[in-house]
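Down below is the structure, laid out as structure tokens.
Number of protein chains: 2
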Amino acid sequence: MSLRHGLLGLLAEGPASGYDLARRFSEALGSVWPAQHPQIYSELARLETAGLIEVESTGPRRRKAYRITDEGLAEVRRWLAEVEVDHTFRMETLFRAYFFWLMDPEDLKAHLAKEQLFFAETAAALRGYAATKDRGDWGTSTQTRAMRIALEAGIRINEALAGWAQWAQETDIMTAEDFGTAKHQQGAAGTPPTTPANQQDTEP
Amino acid sequence: MSLRHGLLGLLAEGPASGYDLARRFSEALGSVWPAQHPQIYSELARLETAGLIEVESTGPRRRKAYRITDEGLAEVRRWLAEVEVDHTFRMETLFRAYFFWLMDPEDLKAHLAKEQLFFAETAAALRGYAATKDRGDWGTSTQTRAMRIALEAGIRINEALAGWAQWAQETDIMTAEDFGTAKHQQGAAGTPPTTPANQQDTEP
DNA sequence: TCGCAACATGTCTGTCTGTACATGTCATCG
DNA sequence: CGATGACATGTACAGACAGACATGTTGCGA
Chain E
1 MSLRHGLLGL LAEGPASGYD LARRFSEALG SVWPAQHPQI YSELARLETA
51 GLIEVESTGP RRRKAYRITD EGLAEVRRWL AEVEVDHTFR METLFRAYFF
101 WLMDPEDLKA HLAKEQLFFA ETAAALRGYA ATKDRGDWGT STQTRAMRIA
151 LEAGIRINEA LAGWAQWAQE TDIMTAEDFG TAKHQQGAAG TPPTTPANQQ
201 DTEP
Chain S
1 MSLRHGLLGL LAEGPASGYD LARRFSEALG SVWPAQHPQI YSELARLETA
51 GLIEVESTGP RRRKAYRITD EGLAEVRRWL AEVEVDHTFR METLFRAYFF
101 WLMDPEDLKA HLAKEQLFFA ETAAALRGYA ATKDRGDWGT STQTRAMRIA
151 LEAGIRINEA LAGWAQWAQE TDIMTAEDFG TAKHQQGAAG TPPTTPANQQ
201 DTEP
């Protein structure tokens with residue numbers, strides 16, 4: 001339940017409304033932890049009943065700004081300091097790579113080129129953004145500096161993936177004659193498949 | 001719904017039971033797309049009613065092996081060739097970085113060192129595994145080669161993150177005197193906060 | 001003053017996902 | 001022959017999450 005702590009972390013910077021928080025998720029945070037407004041509003045309601053946040057003020061257009069409570073602040077800190085990081089992640093780009101052998105070599109090449117472009121562009125955009133931070137355009141607050149660190153990770157990951165997509169296009173692993181042409185050989189009943197790959201070909 | 005296509009992709013290699021598939025997810029695939037066995041069994045049932053897979057055989061211990069149908073194979077291929085890649089991903093390590101400013105500098109340093117070690121070790125393990133593939137220990141089937149490509153991405157991402165964690169420890173961004181000491185300043189009503197960071201400090 | 005865009009908050013529904021619980025089979029070893 | 005462990009499949013439930021729907025407000029420009 002990272003969303004909970006993410007909201008607390010954002011509120012630790014100062015009071016904000018659900019709308020504000022949703023915007024921040026759709027901007028920066030959403031790229032590493034997607035969250036839509038329905039989820040945010042309902043989580044805020046739960047956080048309020050739990051006493052970790054409280055309504056600070058109500059503005060125009062029935063805007064409700066929340067403030068983090070001392071218990072809430074303690075809870076984010078506890079999360080950051082004590083809770084083990086969950087290193088599992090979900091990345092479709094990588095997941096698909098396991099099935100590249102099913103693709104037509106032409107399509108695969110085009111696919112990889114497109115991926116490379118995407119990651120390179122994303123990296124460039126983040127690098128540009130980091131430069132504005134380094135120039136001090138956003139001040140030197142402690143939050144800005146933390147965000148700069150997060151940004152650096154984003155840059156490096158995107159660069160790594162761009163490099164990978166390029167490497168994959170250039171390597172001869174996938175250019176071998178039979179690549180992509182594979183039929184799924186399901187020996188007729190009684191004809192054992194030549195390679196029981198699905199039994200042995202696993203990895204740690 | 002990537003799980004659906006992942007299962008089809010695995011079954012394209014040859015018939016397998018839910019148990020086999022669950023094992024493969026817990027081994028390789030699970031690191032980029034986690035899935036537990038209840039989800040796999042129920043998805044298999046749905047795939048069967050959809051006619052994308054069919055029961056190939058029933059073995060001992062009521063083992064049920066599934067085989068992909070022609071429609072199923074067409075569906076994976078369609079997914080690979082036509083469906084846009086969803087580039088959003090979820091990574092707690094990175095998500096937490098946005099909130100580093102709330103951490104005690106000592107704790108943060110220790111945290112980053114731990115993260116660096118984790119990523120370096122993971123990268124090393126994957127590199128070792130890739131080497132066995134390159135040596136040909138797993139044959140040179142088209143699937144093995146695709147897996148090698150996926151592996152390379154894993155290596156590069158983990159190396160990138162190890163490098164990032166090291167950089168973050170060394171950079172002076174976070175060593176400045178006030179880091180981690182920040183109180184959340186919630187100006188008393190009427191006292192506007194000096195920095196309305198939460199309103200402006202957003203990013204693309 | 002009309003309409004539009006941005007602000008702002010919510011509900012509802014369905015699916016996805018993870019945890020816990022439950023059941024039964026087969027082989028092996030002591 | 002009994003225990004154990006790996007094999008194998010499922011159900012039940014709760015919480016996370018996405019997409020669609022619904023509603024009202026405010027400011028501004030035509």
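Protein chains in written order, with full-length UniProt numbering: chain E, 1 to 204; chain S, 1 to 204.
Glycine included, each C-beta is placed from N, C-alpha and C at the ideal position.
Practice problem: Please say whether ALA16/E and ILE68/E have beta carbons closer to each other than 7 angstroms? | Solution: no
Quiz item: Are the segment 88-99 of chain S and the segment 32-45 of chain E in contact at 8 angstroms, needing three or more beta carbon pairs?
Solution: yes
Self-check item: chain E contact for TYR41/S (CB, 7 angstroms cutoff)
Solution: no
Quiz prompt | Reduced DSSP category for THR69/E - H, G, I as helix; E, B as strand; rest coil | solution = coil
Quiz item: How far does the alpha helix (DSSP H) with THR144/S in it reach, from first residue to last?
Solution: 142-170
Quiz item: With C-beta atoms as the reference, is ALA160/E less than 7 angstroms away from ARG156/S?
Solution: yes
Quiz prompt | Any C-beta of chain E under 7 angstroms from that of LEU94/S | solution = yes
Quiz prompt | Distance, ALA162/E Cα to GLY72/E Cα | solution = 39 angstroms
Quiz item: Can you tell me whether MET1/E is buried or exposed, with buried defined as 16 or more other CB within 10 angstroms of its CB?
Solution: exposed
Quiz item: Looking at ILE149/E and residue 282/S, is the spacing between their C-beta atoms short of 7 angstroms?
Solution: As displayed, chain S neither begins before 1 nor continues past 204, which places residue 282/S out of reach and without an answer.
Quiz item: Out of GLU106/S, GLY139/S, LEU112/S, ALA120/S, which has the shortest C-alpha to C-alpha gap to ALA165/S?
Solution: LEU112/S
Quiz item: Hey, would you say PHE100/E sits closer than 7 angstroms to ALA146/S, going by beta carbons?
Solution: yes
Quiz item: TYR98/E CB to nearest chain S CB: under 7 angstroms?
Solution: yes
Quiz item: Which residues in chain E sit within 8 angstroms of ARG63/S, going by Cβ to Cβ distance?
Solution: Chain E residues near ARG63/S: none, gap ~13 angstroms exceeds 8 angstroms.
Quiz item: For the putative contact between LEU8/E and LEU52/E, defined by C-beta atoms under 8 angstroms, what is the C-beta separation to the nearest angstrom?
Solution: 6 angstroms
Quiz item: For ALA81/S, which of THR88/E, LYS133/E, LEU108/E has the nearest alpha-carbon?
Solution: LEU108/E
Practice problem: Would you mind reading off the limits of the beta strand (DSSP E) that contains ILE53/S? | Solution: 53-58
Self-check item: Cβ neighbour criterion (16 or more within 10 Å) applied to THR142/E
Solution: buried
Quiz prompt | chain S residues whose Cβ lies nearer than 9 angstroms to that of MET1/E | solution = Under the 9 angstroms cutoff, chain S gives no residues; its nearest Cβ is about 11 angstroms from MET1/E.
Quiz item: Between the C-alpha atoms of THR195/E and GLY139/S, what's the straight-line distance to the nearest angstrom?
Solution: Since pLDDT at THR195/E reaches only 35, below the 50 mark, its modelled position is unreliable, and the value read off the structure follows with that caveat. Their backbone Cα atoms lie some 10 angstroms apart in a straight line.
Exercise. Can you tell me which of the three DSSP states LEU126/S falls into?
Key: helix
Quiz prompt | Between the CA atoms of ARG63/S and SER42/S - distance to the nearest angstrom | solution = 15 angstroms
Quiz item: Is the distance from the Cβ of ARG77/S to the Cβ of LEU102/E below 7 angstroms?
Solution: yes
Self-check item: Test: ARG135/E CB closer than 7 angstroms to a CB of chain S
Solution: no
Quiz item: Should PHE89/E and ARG127/S be called a contact, given that it needs their Cβ atoms to be closer than 7 angstroms?
Solution: no
Self-check item: Nearest neighbour of LYS133/S, chosen from GLU152/S, GLU121/S, ALA123/S [CA to CA]
Solution: GLU152/S
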